[in-house]
Amino acid sequence: YQEIEKKVCRTHVKANPESQSPALSETMATSGPDFFTKLLGDKLLKGSGTEDTKAVVSSADYVAIYMSAHWCPPCRRFTPAFAEAYQEIEKKGEKKLATIFVSCDKNENAFKEYFGTMPWHAVPFSAKGFVGFDSKAGKLLKCKGIPMLAIFDKEGKLLDSEGTGLVMERGADFWKLLDPSMKEKLAKEDMEKLFAAMDANGDGYVDPAEIKAAFDSLGAPAEITMVEVQTLMTRDADGDGKLSKSEFTVSEYSVNGRSAGWLGSAILSNREAMERKKKAEEEAKKFKAEADGLVGSGVFFNKLLGDKLLFGGKEVETKSVVGDKDFVALYLSAHWCPPCRGFTPELANVYNEIESKGKPKLATIFVSCDRDAGSFKEYFDTMPWHAVPFTSKEHVGFESLAGKYLGCEGIPMLAVFDGTGKLLTKEAVGKVRMHKADFLAKL
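Be aware that the sequence shown starts at 191, since it is given in this note's numbering, and climbs by one per residue.
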């Protein structure tokens, strides 16, 4: 539900007191290519070359002014998404979108590096008065936060100054929301999508309980859910306490700027995710029962970890590693995870101290949650214990058999078993930090 509330995260800046200079007034009095020339300057960059601003905008259906900066994290997240949408629009050729980057960078090197990632035009960084928050475009748009994407028609009429939200919601189809006839068609389709998403039992009606369940699935606060239930139920024209499709879709509906289509997609996506989670939990429960039946049989750890483990670049039999041990620790961790990288040296020191004493006998096995073999190898090279081979896909990752057995949802996780396979704790990370080499005695 936070995604509904925040819409698009922006970096805000202090703006100079708003004023309209004679030059800005003159810009606003023009239209067409002349408007954009006065707003952006005579020349634009494209790659390493320059083009006349008039030539760039003259053949466009829409002109987008993109105010952004390399130093701004929300900008760097949005730019690739916008670039993907822009290139898809270019490829389809349905509409021509001229896009011009107005830099808010702090120096030319940062501008060049950032502009190098973009497929559109830019105002030259040297064109003072045309770049930055105090540029003509920035003043006209009253820009106080970036990224900002403002969409104009070819005559210079501002159609939408919140283009970032349109792109994040619609991708390459965002321009359709700028066309009144297409917007109306999309709005109807959005309402039908939301109706289908909320009609959870498929009876052709949406009642208050289904609306509540839909918003609950998005994590909406109770007070918001109550208001939205009441708002939608005002469409109950026949007073039967439920909404037919025609009642539900009678007019547009949105929440905090998020369209009915976005809400419908989010509800369906969350419902599918919940179904997948439920199925995974059922499978994990079944697997755990099977594995528990092997405790004390001598093959319990083979079931969770496979028949082979790695040590010193060689494969060894799992049974030979765990067979004579008092305790067996499974360490689910990953190189990409900062808390894991912080804990691993602590655990290694504890492990080495226990090893040097010779008792109790502890086998520790790394179950990688890394994303690729290179990261696994680099990380495993820092560890003094055994590991499940990264190629044994059934036995590595959050969805590994060990991960399912332990219900792993976060790392680092250190689970400790006795030698027979009886689980003693899944919370050994805290115990290691508190008791160091004596942590096993505290189990």
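Using N, Cα and C, we set each Cβ at its ideal position, and we do this for glycine too.
Q. How long is the line joining the alpha carbons of ASP242 and SER258, rounded to whole angstroms?
A. By one-based count along the sequence shown, residue 242 stands at place 52. By one-based count along the sequence shown, residue 258 stands at place 68. Their backbone Cα atoms lie some 22 angstroms apart in a straight line.
Q. Where does PRO207 sit, in a helix, a strand or coil, going by DSSP?
A. Against the sequence shown, residue 207 aligns to sequence position 17. The predicted position of PRO207 is uncertain, since its pLDDT is 44 and thus under 50; no value can be drawn from it.
Q) Are the Cβ atoms of PHE385 and THR424 separated by less than 8 angstroms? A) In the sequence shown, residue 385 corresponds to position 195, counting from 1. In the sequence shown, residue 424 corresponds to position 234, counting from 1. Contact: no.
Q) Looking at the unbroken beta strand (DSSP E) that takes in SER558, where does it start and where does it end? A) In the sequence shown, residue 558 corresponds to position 368, counting from 1. SER558: member of the beta strand (DSSP E) spanning 552-558, first to last residue.
(Q) Whole angstroms are fine: how far does the CA of GLY587 sit from the CA of LEU604? (A) Against the sequence shown, residue 604 aligns to sequence position 414. Against the sequence shown, residue 587 aligns to sequence position 397. When rounded, the distance between both Cα atoms is 14 angstroms.
**Q.** Separation of TRP526 from ALA592, as counted between CA atoms
**A.** As a working note, residue 592 is residue 402 in the sequence shown. As a working note, residue 526 is residue 336 in the sequence shown. Each residue's alpha carbon lies about 20 angstroms from the other.
Q.
Beta-carbon within less than 7 angstroms of ALA390's beta-carbon, same chain only, minus the 5 sequence neighbours each way: which residues are those?
A. Here residue 390 corresponds to residue number 200 of the sequence shown, with the count starting at 1. Around ALA390: GLU400, ALA403.
Q) Counting along the chain, where does the beta strand (DSSP E) carrying GLY239 start and finish? A) To locate residue 239, count along the sequence shown from 1; it is residue 49. Its beta strand (DSSP E) spans residues 239-242.
Q) Can you name, in chain order, every residue of its own chain whose Cβ lies under 6 angstroms from the Cβ of TYR191, other than the five neighbours on each side? A) Numbered from its first residue, the sequence shown carries residue 191 at position 1. The predicted position of TYR191 is uncertain, since its pLDDT is 42 and thus under 50; no value can be drawn from it.
Q: Return the residue from the list LEU349, ALA538, LYS435, GLY429 that minimises the CA-CA distance to HIS576.
A: Residue mapping note: residue 576 aligns to position 386 of the sequence shown, counting from 1. Cα-wise, what sits closest to HIS576 is ALA538.
Q. In three-state terms, what does DSSP make of MET257?
A. Looking up residue 257 in the sequence shown gives position 67. Note: MET257 maps to strand in three-state DSSP.
Q. Between ALA317 and the rest of its own chain, which residues show a CB-CB distance below 7 angstroms, the 5 nearest in sequence each way excluded?
A. Taking the sequence shown and counting its residues from 1, the one referred to as residue 317 is at position 127. Taken in chain order, the residues that qualify are GLY231.
Q: Please confirm if the stretch 482-494 is in contact with the stretch 508-521, defined as three or more CB-CB distances below 8 angstroms between the two stretches.
A: yes
Q | CB of LEU368 within 8 angstroms of CB of ASP380, strictly | A | The residue you call residue 368 lines up with position 178 of the sequence shown. The residue you call residue 380 lines up with position 190 of the sequence shown. It is not a contact, given that the beta carbons lie outside the stated cut-off.
**Q.** Member of GLU507, PRO223, PRO264 whose CA lies at the smallest distance from the CA of ALA250
**A.** Start at 1 with the first residue of the sequence shown, and residue 250 comes out as number 60. Distance check between ALA250 and each of GLU507, PRO223, PRO264 places PRO223 closest, using alpha-carbon atoms only.
Q: Enumerate in chain order the residues of its own chain whose CB-to-CB distance from LYS173 is below 6 angstroms, with the five nearest sequence positions on each side excluded.
A: Nothing about residue 173 can be read from this structure; the chain reaches only from 191 to 633.
Q: Tell me whether the beta-carbon of ALA312 lies closer than 8 angstroms to the beta-carbon of LEU287.
A: Here the question's residue 312 lines up with position 122 in the sequence shown. Here the question's residue 287 lines up with position 97 in the sequence shown. Not closer than 8 angstroms, so no.
Q. Which parts of the stretch 472-544 are runs of the beta strand (DSSP E), unbroken and 3 residues or longer, counting only runs that do not cross its ends?
A. 498-501, 504-507, 517-523
(Q) Here's the rule I'm using: 16 or more other beta-carbon atoms within 10 Å means buried, otherwise exposed. How should CYS199 be labelled? (A) By one-based count along the sequence shown, residue 199 stands at place 9. Unreliable placement is indicated for CYS199, whose pLDDT of 49 sits below 50; no coordinate value is reported for it.
(Q) Quick check: the stretch 333-343 against the stretch 296-305, are at least 3 beta-carbon pairs closer than 8 angstroms? (A) no
Q: May I have the straight-line CA-CA distance separating LYS233 from ILE336, to the nearest angstrom?
A: The residue given as residue 233 occupies position 43 in the sequence shown. The residue given as residue 336 occupies position 146 in the sequence shown. Each residue's alpha carbon lies about 23 angstroms from the other.
Q. Where LYS329 and THR307 are concerned, what is the direct C-alpha to C-alpha distance, given to the nearest angstrom?
A. Counting from 1 along the sequence shown, the entry for residue 329 is found at position 139. Counting from 1 along the sequence shown, the entry for residue 307 is found at position 117. Straight-line Cα distance between these residues: approximately 26 angstroms.
Q.
Could you compute how far the alpha carbon of TRP261 sits from the alpha carbon of ASP324?
A. In the sequence shown, residue 261 corresponds to position 71, counting from 1. In the sequence shown, residue 324 corresponds to position 134, counting from 1. If you take the alpha carbons of TRP261 and ASP324, they lie about 17 angstroms apart.
Q.
For SER582, count the other beta carbons within 10 Å of its own beta carbon; 16 or more makes it buried, fewer makes it exposed. Which is it?
A. Numbered from its first residue, the sequence shown carries residue 582 at position 392. Counting Cβ neighbours within 10 Å, SER582 comes out buried, since at least 16 surround it.
Q. Looking at the C-beta of HIS585, does it have a partner C-beta in chain C at a distance below 8 angstroms?
A. Checking the listed chains, one finds no chain C in this structure; it contains a single protein chain.
Q.
Quick check: SER441 and TYR395, are their CB atoms within less than 8 angstroms of each other?
A. Looking up residue 441 in the sequence shown gives position 251. Looking up residue 395 in the sequence shown gives position 205. No, they are not a contact pair.
**Q.** Residues that DSSP places opposite ARG448 in a beta bridge
**A.** Within the sequence shown, the letter at position 258 stands for residue 448. Answer is VAL445.
(Q) What does the Cβ neighbour count give for MET624, buried or exposed, with the cut at 16 atoms within 10 Å? (A) Here the question's residue 624 lines up with position 434 in the sequence shown. Burial is judged here by how many other beta carbons sit within 10 angstroms of a residue's own beta carbon; MET624 has fewer than 16 and is exposed.
Q. Where does MET603 sit, in a helix, a strand or coil, going by DSSP?
A. The residue given as residue 603 occupies position 413 in the sequence shown. Strand.
Q | C-alpha gap between PRO528 and GLY597, whole angstroms | A | Counting from one through the sequence shown, the residue named residue 528 turns up at place 338. Counting from one through the sequence shown, the residue named residue 597 turns up at place 407. About 21 angstroms.
**Q.** Burial state of GLU437, where buried means 16 or more other Cβ atoms lie within 10 Å
**A.** Mapped onto the sequence shown, residue 437 falls at position 247. So GLU437 counts as buried.
**Q.** CA nearest to the CA of THR415, picked from ASN446, ASP393, ASP428, MET372
**A.** For this step, residue 415 is matched to residue 225 along the sequence shown. Minimum Cα distance to THR415 is reached at ASN446.
Q) Where LYS347 and ALA412 are concerned, what is the direct C-alpha to C-alpha distance, given to the nearest angstrom? A) Your numbering for residue 347 matches position 157 in the sequence shown. Your numbering for residue 412 matches position 222 in the sequence shown. Their backbone Cα atoms lie some 41 angstroms apart in a straight line.
Q: Use the C-beta contact count for ASP628: other C-beta atoms within 10 angstroms, 16 or more gives buried, fewer gives exposed.
A: For the purposes of this step, residue 628 is identified with residue 438 of the sequence shown, where counting begins at 1. By the neighbour-count rule (16 or more Cβ atoms within 10 Å), ASP628 is not buried but exposed.
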